[in-house]
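Asks: Quick one: this structure, given as structure tokens, is what I'll be asking you about.
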Amino acid sequence: MTSLPKSADYVLIGAGIHSLSLGWRLSELLSARGQDNKKIIVIDKSDVGSGASGIACGVVRNNYFQPAMRELMAHSVGVWESDPKALNYHSVGYMQISPECMHEDVAQIHKEQSSIGYESVFIEGKSDSERYMRAIVEDWQMQDTTSVLHEKRGGFAYNKASLEGLAAKARAGGVEVVTHCNVTGFRRDNGSDAVKAVITEAGEIECEQVVISVGPWVRDFWRMLELPSKISVPRRDQRNGEKGMAEVPMWCYWQLEEGVLQVEPEYLSDNAGGVPPVFHVDSQQELFSSKSGERIETGGLWGVYYKPDHNFGGVQGGAAPYKIDLAADDVAVDPYGPASPQFTAREEFPEMWCAALASCQKRFEGKRVLYKDEPSGGVGCFTPDSFPVFDRFCDNVYIVADSNHGYKMIGVGHLVAEELLGTESALLQPFRFSRFASGDLHPTSNSPFPWS
Ligand SMILES: Cc1cc2nc3c(=O)[nH]c(=O)nc-3n(C[C@H](O)[C@H](O)[C@H](O)COP(=O)(O)OP(=O)(O)OC[C@H]3O[C@@H](n4cnc5c(N)ncnc54)[C@H](O)[C@@H]3O)c2cc1C
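Its first residue numbered 1159, the sequence shown is counted upward by one per residue in the working numbering.
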């Protein structure tokens, strides 16, 4: 463990995308105010990028049905674009390829992207969509696509390398990164809600401000702060005219299924031999196992995403996640610990994902045997409406709970830095905790993914 200071002005817990981005920007803002003497430390129980940020697929996109998410993502894409080399960011674009049941939602996304100046092209109709896709990859063969949204910005970044780039930026601003230091609680003085010190296994650190960005461990920190494990939210069907509130657990977990097809990444080149945009395909087309020939149970609408990737060493991607029972109040489970289901994607995932790729592009037919049989994917911790909470608690604690949307949200740390120094961010307002009580929830789409 790197040595632990006795005190700091800002203690940022978790060395993932959010704390590192926040440390970087906060140090810049403090320096511009002549306050270089303020001490910022990032603490992690393991190392930089040892949480969700370090295993993320790394897709950066704007494609969201929720206006507030889209505006926030447009800001984050700008941060990725500010230094693509240091952040290992590849601006190849992103495509949402959809069947008819999603047409209207995606048309709406395109319209609203145009209104905020986020460049995208929207293709409608089966034959125009097919022609557009074949102009990019000539073996495109998905049959039920009736619209294509092509975002010209966005793409992907290499997870660990981008975090090292971010950590270097934070350190260059004087931020101290303390690794292998487990936070176990908080000390609050009698009669005050504010945290006076962060308790770790290596001692206490007195502090003025705490920021918690701990990805899937947020449930544990929520408990340490004695925040409510259940909250009231408007009933889901309220939008159809029903009234009333329902009590639900604050946090729930989903398993994200991802995998790699072991081909040269260049195997997935576009017609010009370059890197194509990230493909995200939703479909209702039937899928068949390449092993048994039997129909694969997909539940109707399914979705996959994939891209060529030198970091993972092949064509990498995933499918829609599924809920797992990791949130029971009385069970202390570390989401990435030995008893976790992190690396136990369902057996049927490789069959489904490989069959889906083959139904999209002919070049993937018969390639199931090249599926890399090793642990992949991970768990994500979601809020009751599956969207982030960025808010202040207990007087001096700021929680960045991104509801597993967050690798792409590199700009959130920058906005939180401004809020800590007194400038409220309009982009963060729609993500306050109070929305659950007031009923100002984000709209839901017809996508099979909880995060679209
Ligand atoms: C398989 C997978 C693929 C994903 N793909 C994408 C994607 O393509 N695009 C996208 O935008 N998002 C993606 N996500 C979501 C994204 O990775 C997360 O939303 C984001 O990385 C969370 O960042 P974070 O900084 O909050 O937390 P993390 O990156 O999880 O970091 C939290 C850190 O907190 C530390 N910590 C935990 N407990 C303690 C403690 N007690 N004391 C000290 N330190 C502690 C951990 O060691 C960890 O390093 C993916 C997630 C998964 C699981």
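The beta-carbon is built from N, C-alpha and C at its ideal position, and this holds for glycine as well.
Given the structure is predicted, the values throughout are model-derived calculations rather than measurements.
1) For the candidate residues L1307, S1179, S1189, K1243, whose alpha-carbon lies nearest to that of F1223?
2) R1521 by DSSP, collapsed to three states: which one?
3) State buried or exposed for D1347, treating a residue as buried only when at least 16 other CB atoms are found within 10 Å of its CB.
4) Please list the terminal residues of the continuous alpha helix (DSSP H) segment that includes G1656.
5) Straight-line CA distance for Q1500 to V1537?
6) Suppose you measure from the CA of I1294 to the CA of D1428; what does that come to, to the nearest Å?
7) Going by DSSP, name the residue or residues bridged to E1416.
8) When the Cα atoms are used, what is the spatial distance from S1605 to E1415?
9) Report the rounded CA-to-CA distance for G1571 versus F1446, giving the unit in angstroms.
10) Using 10 angstroms around the beta-carbon of T1303, count the other beta-carbons present and answer buried if the total reaches 16, otherwise exposed.
11) Given a cut-off of 8 Å, decide if P1407 and S1387 are closer than it, judged by their beta-carbon atoms.
12) Using 10 angstroms around the beta-carbon of R1453, count the other beta-carbons present and answer buried if the total reaches 16, otherwise exposed.
13) Buried or exposed for S1596, going by 16 or more other Cβ atoms inside 10 Å?
14) Could you have a look at L1162 and say whether DSSP puts it in helix, strand or coil?
15) With a threshold of 7 Å (Cβ to nearest heavy atom), would C1215 be considered close to ligand 1?
16) When DSSP builds the beta bridges, which residues end up paired with R1550?
17) Taking just the CA atoms, how far does Q1420 sit from K1243?
18) With 16 as the cutoff for other CB atoms within 10 Å, does I1274 come out buried or exposed?
19) Kindly examine ligand 1 and report whether one of its heavy atoms sits closer than 7 Å to the Cβ of I1357.
20) Just how far apart, CA to CA, sit K1481 and K1196?
21) Taking the alpha-carbon positions, what's the M1567 to A1516 distance?
22) Using a Cβ-based criterion (distance less than 7 Å to any ligand heavy atom), does P1435 qualify as near ligand 1?
23) Along the chain, where does the alpha helix (DSSP H) that runs through I1267 open and close?
24) Compute the Euclidean distance between the alpha carbons of L1383 and W1409, then round it to the nearest angstrom.
25) Need the endpoints of the alpha helix (DSSP H) that I1175 sits in, please.
26) To which residues does DSSP link H1248 through a beta bridge?
27) Report the three-state DSSP secondary structure of E1424 (helix, strand or coil).
28) Go to A1575, then tell me how far its alpha helix (DSSP H) extends in each direction, as first and last residue.
29) Short of 8 Å in beta carbon distance, which residues of its chain neighbour E1309, apart from the five on each side in sequence? Order them along the chain.
Replies: Short version:
1) L1307
2) helix
3) exposed
4) Since the first residue of the chain shown is 1159 and the last is 1610, residue 1656 is not available in this structure.
5) Summary for Q1500: the model assigns pLDDT 44, below 50, so the residue's position carries little reliability; its value from the coordinates is reported in the next sentence. For Q1500 and V1537, the distance between alpha carbons rounds to 6 Å.
6) 6 Å
7) G1476
8) 17 Å
9) 43 Å
10) buried
11) yes
12) exposed
13) exposed
14) coil
15) yes
16) Y1556
17) 26 Å
18) exposed
19) no
20) 42 Å
21) 31 Å
22) no
23) 1258-1273
24) 15 Å
25) 1175-1190
26) F1314
27) helix
28) 1570-1578
29) R1219, N1220, N1221, G1251, Y1252, M1253, Q1254, Q1271, Y1276, E1277, S1278, P1435
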